[in-house]
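Numbering (the numbering used here), first residue to last: 2 to 526.
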C-alpha cells in the first residue's frame, strides 16, 4: 500500500517546506503531493495557497525577492496545540524565519526514488518543464480538477501520468490515470459506501487505470478503515498529512525498547561512557540513565602573574586546546551496543535540570560503536570515548535540545570535529526542561523531531504532537549505525562579546524510555 503525503508531513511542519516533504519520505511516504505557485516575476515556488501566511500579500502579485521578507511558518500549528502557544520560528529571532524556497531547489533536494504529484494549476507547463530539465519527469504525476486541462498537458507530453482530484463522489468521466478522493466517501469505518463500490466498479471497467488514492482527514483514520484500504487492490494509495497516522501500514519490528529501570544497565544492549577524562561527570543508571555534571571552579585560561607566567599559562592552554582535554568540558551518556542496519525511527524521553548556553543534549547516530562500558567516572585519558561526546565521532546525524535556543538537527558529513553543522533552531529552548526526541532514517535521508515538552516544574507546554525540526541527507554514514543519548557542558564565548564567556553550568541530564523501531526492506519471492 502506497503512502502519499499531501504537502509532505504538513501536520508536523509547514506544508510544502523541505522539512515537511523530506520527513514524509523518512516516515515512509512513496509519493509527495506538492502545491506549486508562480510569483509575479515568474518564479516557481512550493505552495498550496496564494496567500502569504500572516500577511495580506499574495504570491502571484509579489516578486520572489519581496517574499523573502515573510515568515512562511507564521500561524502554523501542530495538532492538539492551542493557538498562540507555539511558534515554529521564534518571533524573538527574526533571522530564523522560514523563507519561501525555489521549487527547483526543493526538487533537487528530494530523494530520486519518490513519486512527485504536482498540483500546479496554471503553472503546470513550466513546472513540468522544470522536472524535465532535472530528469525527473518520469517520476511526476500531474494533478488537476479539470479533465480538459489534464488532457491538454498529456497532449504535449504523451507519456505524462495525470490524476484527477474530485471533491465529491459524483466523478465525471475522464482519461486520468489516477483518481484522488476523500477516504470518507469510500469507506464509513465499517464497510464500503455505495459510492465506494460504484467507483470500484468503474475503476475495474477501465477508468483510472492506476487506481484510486483515498485521502484521509487530518484526524487520521481508524484501524478498520486503514486495513480495508490496504486490502483493496483498486486502492492505489492512502493520502495523508501525517505519516504517523499510517505507520501501521509499514512492516516493522522493535530493535530496542528500554525504560532503563533499576540501578544496573543491561550490558547486553547498552554501554555507559564519558566524553572527556575529568572528574566532573558521573554517568550511572537509576531508573533512567543519568549524566550528572558537577560545578566547575578549576583553572581557567587567561591567568595573571608575571609575563613569563602568563606565557606559560597560554602555552599550557594551547596544548589543552590542541588535545581537546578541557577540564571544564564534561559529558557522557548511553550507547546502544547492537548496530541498526535497517531504516528506523528512534524515540527517547529526556529531562534536563538547567537550560542555557554552553550546555546541550542529543540523540544521534554515528558509524562508531560505543566501545567499552565504563561503570565508574574516568580515571585517565584511556577512559574517554568521543562516541559519548555530543557532536563527536563524525560522521553523524542527531536531534538536539540546543542550549536555550530551540530544537534542531545536527550533522557532520566528514570526519573532523570542526566540520559540524547545525540546522536552524525551531521554536525556543528556554522554557522546556524535558520532552521527547525522535530521529528517523530512510536510506541516506534523516529527519529530527520533538514533542511534549515540560517546563522546570514539569508542567506540559506546547507542542503536543510531533514537530519536525530539520532534515538532512548524509551519505557518509554506514548502513549499520550506532545510536547514543548524551549530554555535555563546555566553555563558550558570549555572542555579544567574544572576549567574555558564558557561565559554566552544573547540570543533570536524564534519559528514559528509549525505543527503536526498524522498517526492513521488502522481501523478494
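Every residue gets a Cβ at the ideal spot worked out from N, C-alpha and C, and that includes glycine.
Note that the structure is a prediction, hence the values are computed from the model and not measured.
With DSSP as the reference, label residue 139 as helix, strand or coil.
The answer is helix: DSSP assigns residue 139 an H, G or I state.
Element boundaries [beta strand (DSSP E), containing residue 32]
Run containing residue 32: 32 to 39, per the beta strand (DSSP E) assignment.
Pairing CB atoms from the region 97 to 108 with CB atoms from the region 439 to 454, are three or more of them under 8 Å?
With the cut-off at 8 Å, the region 97 to 108 and the region 439 to 454 do not touch.
In terms of residue numbering, what span does the alpha helix (DSSP H) encompassing residue 318 cover?
Unbroken alpha helix (DSSP H) run through residue 318: 308 to 324.
Is residue 346 close to chain C, meaning its C-beta is less than 7 Å from at least one C-beta of that chain?
Among the chains of the structure shown, chain C does not appear; only one protein chain is present.
C-alpha distance - residue 81 paired with residue 402, whole-angstrom precision
Their backbone Cα atoms lie some 22 Å apart in a straight line.
For the beta strand (DSSP E) that residue 450 lies in, which residues bound it at each end?
Where residue 450 is concerned, the enclosing beta strand (DSSP E) stretches over 446 to 455.
Could you tell me how far apart the beta carbons of residue 334 and residue 513 are, in whole angstroms, since I believe they sit closer than 8 Å?
Contact between residue 334 and residue 513 does not hold, since the beta-carbon distance rounds to 12 Å and is not under 8 Å.
Please specify which runs of the alpha helix (DSSP H), each continuous and at least 4 residues long, are wholly inside the region 80 to 158, giving them in chain order.
Segments of the alpha helix (DSSP H) lying fully in the region 80 to 158: 104 to 110, 125 to 134, 148 to 157.
Report, in whole angstroms, the separation of the C-beta atoms of residue 151 and residue 163, which I expect to be a contact under 8 Å.
Going by Cβ atoms, the distance from residue 151 to residue 163 rounds to 4 Å, so yes, they are a contact pair.
Would DSSP call residue 53 helix, strand or coil?
Three-state result, residue 53: coil.
With DSSP collapsed to three states, give me the class of residue 162.
In this structure, residue 162 counts as strand in the three-state DSSP scheme.
Let me confirm a value: residue 140 is counted as buried when at least 16 other C-beta atoms fall within 10 Å, else exposed. Which label applies?
Residue 140 should be labelled buried.
Measuring CB to CB, does residue 447 end up less than 7 Å from residue 421?
Contact: no.
Measure from the alpha carbon of residue 484 to the alpha carbon of each residue in 336, 389, 360, then state which is nearest.
Minimum Cα-Cα distance from residue 484 among the listed residues 336, 389, 360 corresponds to 336.
Within 10 Å of its beta-carbon, does residue 188 have 16 or more other beta-carbons around it, so buried, or fewer, so exposed?
Counting every other CB atom within 10 Å of its CB across the protein chains shown gives residue 188 a total of 16 or more, marking it as buried.
For residue 171 and residue 215, what's the separation of their Cα atoms in angstroms?
Answer to the nearest angstrom: the Cα atoms are 15 Å apart.
Buried or exposed for residue 382, going by 16 or more other Cβ atoms inside 10 Å?
Residue 382 comes out exposed.
With 16 other Cβ atoms within 10 Å as the buried cut-off, status of residue 495
Flag for residue 495 reads exposed.
Taking contact to mean at least 3 C-beta pairs separated by less than 8 Å, is the region 477 to 492 in contact with the region 373 to 381?
With the cut-off at 8 Å, the region 477 to 492 and the region 373 to 381 do not touch.
Considering just the uninterrupted stretch of the alpha helix (DSSP H) at residue 225, what are its terminal residues?
224 to 231 is the span of the alpha helix (DSSP H), which, as asked, contains residue 225.
State yes or no: is the C-beta of residue 475 within less than 7 Å of the C-beta of residue 369?
No, the pair does not count as a contact, with Cβ atoms beyond the cut-off.
Are the beta-carbon atoms belonging to residue 21 and residue 14 less than 7 Å from one another?
Here residue 21 is near residue 14, since their CB atoms are less than 7 Å apart.
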